[in-house]
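Inspection log for the structure reproduced underneath, given as structure tokens.
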Amino acid sequence: HDQGLVILGVNVADDRKIALDYLKANHVTFPIILDSSPAAWKAMNQYLALPDLGADPMTYVIGRDGKLVDGWFGYDSDRSQAAVKKLGL
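Position in the sequence shown counted from 1, then plus 1, gives you the numbering used here.
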């Protein structure tokens with residue numbers, strides 16, 4: 002069935018209890034992957050080492066075909082809207 006837009010969060014930095022308390026306090030309703038393993042930290046650190054790209058969140062928009070539509074660091078409402086528009090949503 003057609004789900005339209007699916008949002009999935011990934012948190013590699015916070016302790017599970019801290020992350021869950023934050024999500025609850027801020028009424029976050031989309032699923033979150035919590036992974037503070039060494040492998041997750043290693044994956045995240047490759048982005049933090051890039052100049053001017055240490056901002057959270059990292060956003061990726063992936064089409065139904067599994068191809069990346071757009072990706073960026075930090076919050077950008079205009080870019081989010083443009084990426085969703087590219088998906089026809």
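Glycine is no exception: its CB is placed at the ideal position from the N, C-alpha and C atoms.
Under the three-state reduction of DSSP output, Tyr23 falls in the helix class. Our two residues, Ile8 and Phe74, have alpha carbons roughly 16 Å apart in a direct line. Our two residues, Val70 and His28, have alpha carbons roughly 27 Å apart in a direct line.
Contact between the segment 36-44 and the segment 12-19 is present: 3 or more CB-CB pairs across the two stretches fall below 8 Å. Closest option to Leu90, judged by alpha-carbon separation, among Gly64, Ser78 and Gly72: Gly64.
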